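Residue numbers (our numbering): 2 to 232.
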């Protein structure tokens, strides 16, 4: 099984820094020479947001008054290394934000990811999924059905989880998702039929570091493996 990660997003949420637009540039400016470009959204407002773009490398970072976001694609192994841009550059900038006297507290971490994997050439994605996952024939409800999915959600005091999986028919399925790839052309050939997983996990916590990201990725990967075993 070769798994492709068209997109993933890791977020750290924190209490709002009301004067972030006045001090954010001082933090972000030294890193400008490392990125292809920096975009500023909602400039001169309390929600001023900075985007550090590394499109050729397949990732970007976003920092604003209430969150720090890392968005990437491709193999997660690239980002799970201790010298990866997420473990160094992203958390370096976040460290400076936490050192601001205006910084309050971390409130939660969030991980969003999409995984796809190809069925064997002989398998039809829709038929395979329906046969292996469902205990009844969906044609009994609608003879013309052309898609199907399972959604599993949970909410507790410590966070929430949303798991959506179903047959994968090609790139159009990826662009239907909440978060889009940075550069889909860099993903290689993803025009196949198989399985797709859309995963979202929120953890209510006051301490977040690189190990938090590793744990999120481990849970994400294990979820896909568990579903794949049913195929």
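Glycine included, each C-beta is placed from N, C-alpha and C at the ideal position.
As the structure is a prediction and not an experimental result, all values here were calculated from the model.
Buried or exposed (CB count within 10 angstroms, at least 16 for buried), residue 182: Burial call: buried.
Inter-residue Cα distance where the pair is residue 231 and residue 133: For the pair residue 231 and residue 133, the Cα-to-Cα distance works out to about 6 Å.
Continuous beta strand (DSSP E) assignments of at least 3 residues falling wholly in the stretch 112 to 187: Within the stretch 112 to 187, the complete beta strand (DSSP E) segments of 3 residues or longer fall at 151 to 157 and 160 to 169, listed in chain order.
When 31, 58 and 57 are compared against residue 51, the one with the closest alpha-carbon: Closest by alpha carbon: 31.
Three-way DSSP call (helix, strand, coil) for residue 18 in this model: Residue state for residue 18 is assigned as coil, using DSSP reduced to three classes.
Start-to-end residues for the beta strand (DSSP E) that takes in residue 72: Element bounds for residue 72: 68 to 73.
Proximity below 7 Å, CB of residue 1 to CB of residue 202: This structure cannot speak to residue 1, because the chain is shown only from 2 to 232.
Residues that residue 199 bridges to, as DSSP identifies them: Its beta-bridge partners are 115 and 165.
Distance, residue 163 Cα to residue 143 Cα: Rounded to whole angstroms, residue 143 and residue 163 show a C-alpha spacing of 26 Å.
Residues of its chain near residue 159, where Cβ-Cβ distance is below 7 Å and the 5 sequence neighbours each way are ignored: Excluding positions up to five away in sequence, the list reads 204 and 205.
Residue 207 versus residue 95: straight-line alpha-carbon distance, rounded: Distance between residue 207 and residue 95, taken at the CA atoms: about 14 Å.
Residue 87: first and last residue of the uninterrupted beta strand (DSSP E) it sits in: That residue, residue 87, is in no beta strand (DSSP E); it is neither H nor E in DSSP.
Distance CB(residue 114)-CB(residue 221) smaller than 7 Å: Yes, the Cβ-Cβ distance between residue 114 and residue 221 is below 7 Å.
Cα-Cα separation between residue 44 and residue 23, rounded to whole angstroms: Computed Cα separation, rounded: 10 Å.
Unbroken alpha helix (DSSP H) run spanning residue 242, endpoints: Coverage of the chain is limited to positions 2 through 232, which leaves residue 242 absent and any answer about it impossible.
DSSP state of residue 56 mapped onto helix, strand, coil: Residue state, collapsed to three classes: helix.
Residue closest to residue 29, alpha-carbon to alpha-carbon, out of 116, 93, 212 and 60: Comparing C-alpha distances from residue 29 to each of 116, 93, 212 and 60 shows the shortest one belongs to 93.
Where residue 65 falls, given that 16 or more other Cβ within 10 Å makes a residue buried: Here residue 65 is buried, its C-beta having at least 16 other C-beta atoms within 10 Å.
Nearest neighbour of residue 110, chosen from 227, 212 and 223 [CA to CA]: With distances taken between Cα atoms, residue 110 lies closest to 212.
Of the residues 10, 58, 80 and 55, the one placed nearest residue 318, counting alpha carbons only: Because the chain here runs from 2 to 232, residue 318 falls outside it and cannot be looked at.
Beta-bridge pairing of residue 77 - partner residues as DSSP gives them: Answer by DSSP bridge pairing: none, since residue 77 is not bridged.
Rounded Cβ spacing between residue 195 and residue 117 (contact assumed at less than 8 Å): With a Cβ gap of about 6 Å, residue 195 and residue 117 count as contacting.
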